[in-house]
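According to the working numbering, the residues represented by the sequence shown are 199 to 441, in order.
Cβ coordinates follow ideal geometry from the N, Cα and C atoms, glycine included.
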Amino acid sequence: DKSVRSLHPVKIEPGEYEVVLSPLAVSVLLTYMGFVGFSATAYQDGQSFVKYFANQQVFDAKLNVVDDARNPKTLYAVPVDGEGVPKKPLELIGDGKVSEKSICYNSFTAGKEDKKSTGHALPPIGDYYGERPMPFNMVMKPGDATMEEAIADTKNGIFVTTFHYVNPVEPTKLILTGLTRDGTFLIEKGELTKPVVNMRFTDSMLSALKEIPMIGKELEIVETTTVPMVKLKKLRFVGVSAY
Numbered sequence: 199d200k201s202v203r204s205l206h207p208v209k210i211e212p213g214e215y216e217v218v219l220s221p222l223a224v225s226v227l228l229t230y231m232g233f234v235g236f237s238a239t240a241y242q243d244g245q246s247f248v249k250y251f252a253n254q255q256v257f258d259a260k261l262n263v264v265d266d267a268r269n270p271k272t273l274y275a276v277p278v279d280g281e282g283v284p285k286k287p288l289e290l291i292g293d294g295k296v297s298e299k300s301i302c303y304n305s306f307t308a309g310k311e312d313k314k315s316t317g318h319a320l321p322p323i324g325d326y327y328g329e330r331p332m333p334f335n336m337v338m339k340p341g342d343a344t345m346e347e348a349i350a351d352t353k354n355g356i357f358v359t360t361f362h363y364v365n366p367v368e369p370t371k372l373i374l375t376g377l378t379r380d381g382t383f384l385i386e387k388g389e390l391t392k393p394v395v396n397m398r399f400t401d402s403m404l405s406a407l408k409e410i411p412m413i414g415k416e417l418e419i420v421e422t423t424t425v426p427m428v429k430l431k432k433l434r435f436v437g438v439s440a441y
């Protein structure tokens with residue numbers, strides 16, 4: 199059905215739009231936030247936004263994220279990390295705030311600061327992540343909304359199924375860029391109307407996640423995250439794909 203509805207997409211002007219994100223899209227953004235924001239490697243290199251915004255109200259107060267590898271509702275639930283250190287829940291975002299305690303350490307990065315590992319050494323999964331500790335079982339606290347309610351609440355916005363080619367632009371300000379994919383639709387007066395040509399977003403997650411009108415009540419397991427759908431007050435789109 200989504201494939202058929204995506205035929206003959208229209209181009210719309212770049213700009214700031216209300217956005218309804220499916221759990222898959224939320225997972226992509228959260229995964230990159232974990233990679234560039236909550237890793238001790240990034241923190242020690244001065245590249246983590248946490249270093250500059252700790253204990254401030256950087257996100258909507260409704261946003262709560264815990265890395266919890268012992269939660270059976272996560273895909274990679276394990277009792278210990280790649281170095282055998284016992285896993286335990288670590289609050290990454292609490293009521294929209296982060297702190298130095300949000301940082302994920304393995305034994306190597308912990309040793310640099312005379313701290314204990316938080317149990318975030320990755321298993322030997324290839325060279326992509328290297329020795330970088332990072333959250334691998336992120337669980338977002340659900341809200342009380344449904345996808346239908348979020349769409350109905352949107353006057354002029356965009357529904358995003360997911361993103362790809364996401365990369366950090368300015369990690370210290372949590373600026374990410376990426377393209378929509380797999381079904382992007384215009385929302386007009388509370389209804390999905392036309393399919394939209396894929397668009398590029400470039401925005402700081404500190405801005406995009408500052409106002410979250412709705413969070414879904416249903417959680418979905420998506421790779422290294424367990425997340426609901428999310429409605430953002432605004433997300434900045436800067437370009438339109440050629441097709």
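In this structure, DSSP gives proline 221 a helical state, which the three-state scheme calls helix. In the DSSP assignment, tyrosine 215 forms a beta bridge with Leu433. Just so you know, the alpha carbons of leucine 228 and lysine 415 end up roughly 17 Å apart. Note on geometry: alpha-carbon atoms of lysine 310 and glutamate 298 lie some 15 Å from one another. DSSP links phenylalanine 357 through a beta bridge to Val218, Phe383.
For arginine 398, the enclosing beta strand (DSSP E) covers residues 397-402. At a Cβ-Cβ threshold of 9 Å, valine 224 and threonine 352 do not count as neighbours. Assignment of leucine 407 by DSSP, reduced to helix, strand and coil, places it in the coil class. Looking at the backbone, the Cα of lysine 387 and that of glutamate 216 are separated by about 12 Å. Separation of tyrosine 250 and leucine 404 (C-alpha to C-alpha, rounded to the nearest whole angstrom) is 12 Å. Listed in chain order, the non-local C-beta contacts of isoleucine 356 below 6 Å within the same chain comprise Tyr215, Val217, local neighbours out to five positions each way being set aside. Secondary structure at glutamine 242: helix, using DSSP grouped into helix, strand and coil. Straight-line spacing of the CA atoms in alanine 252 and asparagine 354 works out to 34 Å.
At a Cβ-Cβ threshold of 9 Å, histidine 318 and leucine 273 do not count as neighbours. Going by C-alpha positions, lysine 432 is about 31 Å away from arginine 330. Using a C-beta cut-off of 8 Å, the region 264-279 makes no contact with the region 360-372, since fewer than three inter-stretch Cβ pairs fall below that distance. Residue range 248-251 is occupied by the alpha helix (DSSP H) that includes valine 248.
For tyrosine 363, the three-state secondary structure derived from DSSP is strand.
DSSP, read as helix, strand or coil, puts leucine 228 in helix. About 16 Å separates the beta carbon of phenylalanine 383 from that of proline 212, a gap too long to meet the 8 Å contact definition.
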